[in-house]
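A quick write-up on the structure given underneath.
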């Protein structure tokens with residue numbers, strides 16, 4: 001019998017008090033709970049209606065500041081290491097999360113001024129919020145969660161199972177019944193809640209980052225958290241195999257699902273990846289963030 005692969009629990013699975021947040025009280029005004037954190041998260045009213053704690057990505061300045069420039073950006077830019085990202089010198093010199101992320105940006109030859117402007121753009125926070133809400137509507141309760149067209153697969157399952165679904169979707173007549181899949185996938189479908197299921201339609205992938213043709217016959221969409229260890233393992237073990245199939249008929253899509261209650265830096269990482277994508281290097285930053293996860297996860 002297949003042992004289910006654990007995934008990263010989602011916001012609705014969490015218990016205990018959340019970290020300090022900035023939330024809206026229904027009037028549109030931010031209400032700061034307990035001590036103001038270095039990064040400020042927002043709980044959207046729509047998330048409350050969905051019954052899930054949906055937390056957006058971080059912004060890079062303290063709320064209430066009249067200065068549109070990030071307060072951490074100027075000193076961070078001056079203090080950030082010029083050594084290659086991940087080197088001992090870089091780790092020693094990078095005192096903050098922003099310093100480290102700016103080092104990653106330089107290693108990818110991003111325009112730092114454009115990056116900082118992007119980090120301050122509230123539209124990118126709204127994009128992450130929209131992905132979180134969409135994931136909640138689709139029943140995403142942990143990361144990673146995949147949608148291979150209209151087939152939902154939960155957790156970092158064995159690569160062979162993911163590839164089985166992809167290959168069947170590439171066929172002229174993709175399966176419409178669970179009986180058309182292997183015993184392992186049928187066992188996942190029999191779990192409560194199911195870790196594999198066939199949905200009525202494909203999910204909305206608006207705002208997703210694509211590798212390959214967005215109009216491909218088969219799109220493997222992942223709801224992911226850059227600080228999630230299961231997502232990192234999948235990225236390092238299964239993604240290279242999936243990338244071998246990327247072409248005219250297979251593409252990969254990434255949607256943001258940072259679980260900030262247990263991963264306080266995940267929202268910041270999502271924002272950084274979005275801003276790298278604005279300069280054409282989302283996937284390079286995606287790979288770098290997962291490869292260096294241990295380096296930045298505990299920084300502030």
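In my numbering, the protein residues as written are 1 to 300.
Where is the CB? At the ideal position from N, CA and C, for every residue including glycine.
Less than 8 Å separating the beta-carbons of residue 112 and residue 102?
In this structure, residue 102 lies closer than 8 Å to residue 112 by Cβ.
Please state if the CB of residue 191 and the CB of residue 297 are separated by a distance shorter than 8 Å.
Inclusion of residue 297 and residue 191 in the CB contact set at 8 Å is not warranted, their separation being larger than that value.
Give me the Cα-Cα distance between residue 244 and residue 104, rounded to the nearest whole angstrom.
Going by the C-alpha atoms only, they are around 26 Å apart.
If we ignore side chains and look at the alpha-carbon of each, how far apart do residue 47 and residue 159 end up?
Residue confidence is low: residue 47 scores 34 on pLDDT, short of 50, so the model does not pin down where it sits. Its coordinate-derived value is still stated next. When rounded, the distance between both Cα atoms is 32 Å.
Identify, in the order they occur along the chain, each residue of the same chain with its Cβ nearer than 7 Å to the Cβ of residue 204, setting aside the five sequence neighbours on each side.
These residues qualify, in order along the chain: 134.
Just to confirm before moving on: does the CB-CB distance between residue 96 and residue 224 stay below 8 Å?
No.
Spatial neighbours of residue 293 within its chain, please: CB distance less than 6 Å, with the 5 preceding and 5 following residues excluded, ordered by chain position.
Residues of the same chain with a CB within less than 6 Å of the CB of residue 293, apart from the 5 flanking positions on each side, are 232 in chain order.
Residue range of the alpha helix (DSSP H) that residue 114 falls in?
Note, residue 114: alpha helix (DSSP H), 112-119.
Is the distance from the Cβ of residue 285 to the Cβ of residue 299 below 8 Å?
No.
Roughly how far, in whole angstroms, is the beta-carbon of residue 124 from the beta-carbon of residue 274, given that I think they are within contact range, below 8 Å?
Contact flag correct, Cβ pair sits at about 5 Å.
In the DSSP assignment, find the beta strand (DSSP E) that holds residue 151 and state where it starts and stops.
Residue 151 -> beta strand (DSSP E) spans 151-154.
Going by other Cβ atoms of all chains shown within 10 Å of its Cβ, with 16 needed for buried, is residue 106 buried or exposed?
Looking at its Cβ environment, which holds 16 or more other Cβ atoms inside 10 Å, residue 106 is buried.
Classify residue 145: buried if its beta carbon has 16 or more other beta carbons within 10 angstroms, exposed otherwise.
Burial of residue 145 is indicated by the presence of at least 16 other C-beta atoms within 10 angstroms of its C-beta.
Under the three-state reduction of DSSP, which class applies to residue 76: helix, strand or coil?
Because the pLDDT at residue 76 is just 29, under 50, the model does not fix this residue reliably, and the value given afterwards should be weighed accordingly. In the three-state scheme derived from DSSP, where H, G and I count as helix and E and B as strand, residue 76 is classed as helix.
Alpha-carbon spacing of residue 241 relative to residue 218, whole angstroms:
Using only the alpha carbons, I get a separation of about 15 Å.
Relative to the alpha-carbon of residue 196, which residue among 206, 213, 161 and 170 has its alpha-carbon at the smallest distance?
Comparing Cα-Cα distances from residue 196 to each of 206, 213, 161 and 170, the minimum goes to 161.
Please classify residue 250: does DSSP put it in a helix, a strand, or coil?
Annotated three-state conformation of residue 250 is strand, per DSSP.
Should residue 310 be labelled buried (16 or more other beta-carbon atoms within 10 Å of its own) or exposed?
Residue 310 lies beyond the range of the chain shown here (1 to 300); nothing can be said about it.
Keeping to the same chain, check which residues put their C-beta closer than 8 Å to that of residue 149; ignore five residues upstream and five downstream.
Excluding positions up to five away in sequence, the list reads 169, 174, 202, 218 and 219.
For the candidate residues 193, 189, 291 and 136, whose alpha-carbon lies nearest to that of residue 256?
Of the listed residues, the one whose Cα sits closest to residue 256 is 136.
Own chain partners of residue 280 with C-beta closer than 6 Å, once the 5 adjacent residues on each side are dropped
So no residue of the chain qualifies.
Close-in-space but distant-in-sequence residues of the same chain around residue 263 (CB under 7 Å, 5 per side omitted):
Contacts found: 225, 227 and 228.
Would DSSP call residue 255 helix, strand or coil?
Strand, per DSSP.
Extent of the continuous beta strand (DSSP E) run through residue 148
Looking at the DSSP string, the run of the beta strand (DSSP E) that includes residue 148 is 145-148.
Helix, strand or coil for residue 105? Go by DSSP, reduced to three states.
Note: residue 105 maps to helix in three-state DSSP.
First and last residue of the alpha helix (DSSP H) that includes residue 166?
Taken as a continuous stretch (DSSP letters only), the alpha helix (DSSP H) holding residue 166 covers 159-170.
Please go through the same chain and pick out, in chain order, the residues whose beta-carbon is closer than 8 Å to the beta-carbon of residue 166, but skip the five residues on each side of it.
Around residue 166, the same chain offers 148, 218, 220, 242, 245 and 250 as residues with beta carbons nearer than 8 Å, after the five sequence neighbours per side are excluded.
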